[in-house]
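Note sheet for the following structure.
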Amino acid sequence: MATIENLDHTASPALLFDADAIEHNLDLMLKEVGNDPSLLRPHIKTHKCRKILDLHLDRKIKQVKCATIAEAECAAQAGIPDVLLSYPIVGPNIERFAELARKYPDTTFSCLVDDPGTLDSIENSEHTFTLLLDLDCGMHRTGIAPGKAAIEMIQFIEKSSNLTFGGIHAYDGHIHDGPLSIRQDRFDEAIKIVDDFIESLVEAGVDVPLVVSGGSPTFPMHATRAKSSSLNWQASPGTPVLWDAGYGEHYPEMGYAPAALLLTRVISKPVSGHISIDLGHKSVSAENPIENRVRFPELSELEFVSQSEEHLVVRCAEADTLPVGYPLIGIPYHVCPSVALHNEAAIVRNKNVTDKRWSITARGRKLTV
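Sequential numbering from 2 applies to the sequence shown in the numbering used here.
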C-alpha cells in the first residue's frame, strides 16, 4: 500500500503537501537559528505558496527572500512585512518592481544589484529603491567581486537621493558537497571573502545594515554565523521547508522530512516486469538524468526505463503484482521546479489526504504586477 491513505478521490498526477512535515521543518529551521525568527529569511522559491507563508507568520518569521516578482507579490499578499527579491532587476522589471512597492505599501521591498550600468538605470528611473549589493563569494553566477568597484557602487547608492543601501547579499550555491567536513571547509573559504569585504567597507566608512547569506546545504554554518555576529545577519535557506530526495540523500544529518510528495498511478503494464505511470516531464522536474528525478520508497530493484511528457516507464521487482490503477507515492529529487509544475497541492494531515487544497500562488511569472 502507498504510505499515504485516502487517495481514492485525488486524481493523479498530483502534488501533495504533508502539512505536518512542513510544520516540523519550519520548527527545525527556527531551532537552527536559536529560535530567533529575526535571524531567518527563508527563500520562498521552493514552495511559492501563500498558505505556507501563513505558517511563517504564525512563527513570527516576518522576512523572506524570493526569486521572482510574482513570488514577491505573493509574499506581500500574505502580509509578509519584509521581502527581498534576490535577483537583479533589469529592463521593464525595474518599473514592475517599483509598481509592486506602490501597490503594497505595508511591505518593505528590496532587491539586489551587482552591475554599475544596472545601478544607473535604477537610479535614473527616479523610483525609490532599497538595494543590497550582491557579492560573488565563489559561485560566479551573479554578484560582483569584492574590491574597489564594489565599494564604489555602495558609495554611489549612499549618495543617491532615491536609493538606499540595504546591505550585503552573499549566496554560496556552489557549495553542495555531501560530507559535512568538506562543506565546512568550503564555507570557511566563502565566508572569508564576505568577512574581508565587510572589513574593507568599515575601513571605507561604510556601515553595513544587513547581511543575508547562504543557501540550504550550508544553512547550519550560516545559522551559527547569524547567531554569533555583531552585525544584523540573516541565514536564508529555501529547500528545508519542503525538503526533497536529493538533499535527503546528500545531507541526512540535517533532519528535515520530505513534505512535498507526488501521487502517481500505474496506467499500463505493456511488458512483464515493467509498469507505466502517469508521472511525465510535466509533473516532476526533469532537468536531472532520469535516475535522479523521483524516488519511490515502495519499489525495489528499481530501474527507470524512459520518460516522456505524461509517462514514466520503470522496471521494478513489484511490477507484475501491481494492478493498473495502483497508487504510488514519489518523492521529487529536486523539489523547487517540481512544485512549479502544479497549480495546487492536496493537503495531507496524519498521513491522510484531506479535502483541502493549497494554491501554488506564484508558480507563474505574474500575479497582478
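Glycine included, every Cβ here is placed at the ideal spot set by N, Cα and C.
With a threshold of 16 other CB atoms inside 10 Å of the CB of residue i, please say whether the residue is buried or exposed.
i	result
Ala77	buried
Glu74	buried
Ala205	exposed
Arg350	exposed
His223	buried
Asn353	exposed
Glu33	buried
Ser182	exposed
Ser214	buried
Lys46	buried
Arg103	exposed
Pro221	buried
Pro298	exposed
Arg355	The sequence shown places Thr at residue 355, rather than the Arg named in the question. Looking at its Cβ environment, which holds fewer than 16 other Cβ atoms inside 10 Å, Thr355 is exposed.
Ala79	buried
Lys160	exposed
When the Cα of residue i is compared with those of the options, which residue comes out closest?
i	options	result
Ala71	Cys50, Asp55, Asp83, Gly274	Cys50
Ser217	Glu6, Leu243, Lys193, Asp197	Leu243
Leu133	Lys160, Met140, Leu164, Gly118	Leu164
Leu58	Thr47, His25, Ile81	Ile81
Leu323	Cys337, Thr265, Ala347	Thr265
Glu250	Ile158, Tyr334, Leu313, Glu299	Tyr334
Lys408	Leu85, Arg316, Ala227, Val209	For residue 408 there is no data in the structure shown, the boundaries of the chain being 2 and 370.
Phe166	Asp197, Gly35, Leu113, Ser13	Leu113
Pro290	Ala15, Ile278, Glu299, Val306	Val306
Ile145	Phe130, Lys160, Leu120, Thr131	Leu120
Glu292	Gly247, Glu319, Ala318, Glu299	Gly247
Met140	Ile194, Lys104, Ser162	Ile194
Ile23	Thr240, Val272, Lys270	Thr240
Thr129	Ser162, Gln185, Gly92	Ser162
Asn7	Glu319, Glu299, Pro328	Pro328
Ser230	Ile199, Lys160, Gly326, Ala258	Ile199
Thr131	Val272, Pro210, Glu254	Pro210
Glu254	Leu31, Pro180, Val203, Ile278	Pro180
Val336	Val203, Ala258, Leu31	Ala258
Beta carbon of residue i, beta carbon of residue j: below 7 Å?
i	j	result
Ile176	Thr143	no
Asn26	Ala260	yes
Ala301	Pro338	The sequence given here places Ser at residue 301; Ala does not occur at that position. No, Cβ-Cβ distance for Ser301 and Pro338 is not below 7 Å.
Asp1	Cys138	Absent from the model: residue 1. The displayed extent of the chain is 2 to 370, so no value can be given.
Leu313	Leu280	yes
Ile348	Ala12	no
Ala370	Glu100	Checking the sequence shown, residue 370 turns out to be Val, not Ala. In contact: Val370 and Glu100 (Cβ atoms closer than 7 Å).
Val212	Leu232	yes
Can you give the Cα-Cα distance for residue i and residue j, rounded to whole angstroms?
i	j	result
Tyr88	Lys357	33 Å
Met2	Arg294	Here Met2 scores only 38 on pLDDT, less than 50, and its place in the model should not be relied on; the value that follows carries that caveat. Met2 and Arg294: Cα-Cα distance of roughly 22 Å.
Arg187	Trp234	20 Å
Pro117	Ala150	9 Å
Ile53	Leu17	13 Å
Asp55	Met154	36 Å
Ile90	Phe110	13 Å
Ser122	Ile276	55 Å
Leu456	Lys283	The displayed coordinates of the chain run from 2 to 370. Any statement about residue 456 would go beyond what the structure contains.
Gln156	Ser201	13 Å
Pro106	Tyr252	40 Å
Val267	Ile5	16 Å
Asp9	His48	25 Å
Gly168	Ile152	12 Å
Ser126	Phe98	11 Å
Ala346	Ala15	7 Å
Val315	Leu342	21 Å
Ala68	Asp115	15 Å
Thr108	Gly35	26 Å
Gly148	Asp197	10 Å
Gly256	Asp178	17 Å
Thr225	Arg184	14 Å
Ala318	Glu288	26 Å
Val272	Trp359	37 Å
Val340	Leu263	10 Å
Asp83	Ile278	42 Å
Ile158	Gly92	19 Å
Gln308	Leu31	38 Å
Assuming residue i and residue j are in contact, meaning their beta carbons sit under 8 Å apart, how far apart are those beta carbons, in whole angstroms?
i	j	result
Arg296	Ile332	5 Å
Lys367	Ser237	That pair is no contact at about 24 Å.
Gly375	Asp245	The requested residue 375 is not part of the displayed model; the chain covers only 2 to 370.
Asn344	Ile330	Not quite, the Cβ-Cβ distance comes to about 20 Å (not below 8 Å), so this is no contact.
Pro38	Lys61	4 Å
Ala171	Leu136	5 Å
Lys270	Leu40	That belief does not hold up - the Cβ atoms of Lys270 and Leu40 are roughly 52 Å apart, past 8 Å.
Does at least one heavy atom of the ligand NAD sit under 6 Å from the Cβ of residue i?
i	result
Asp19	Among the ligands in the structure shown, none appear at all, so the ligand NAD cannot be discussed.
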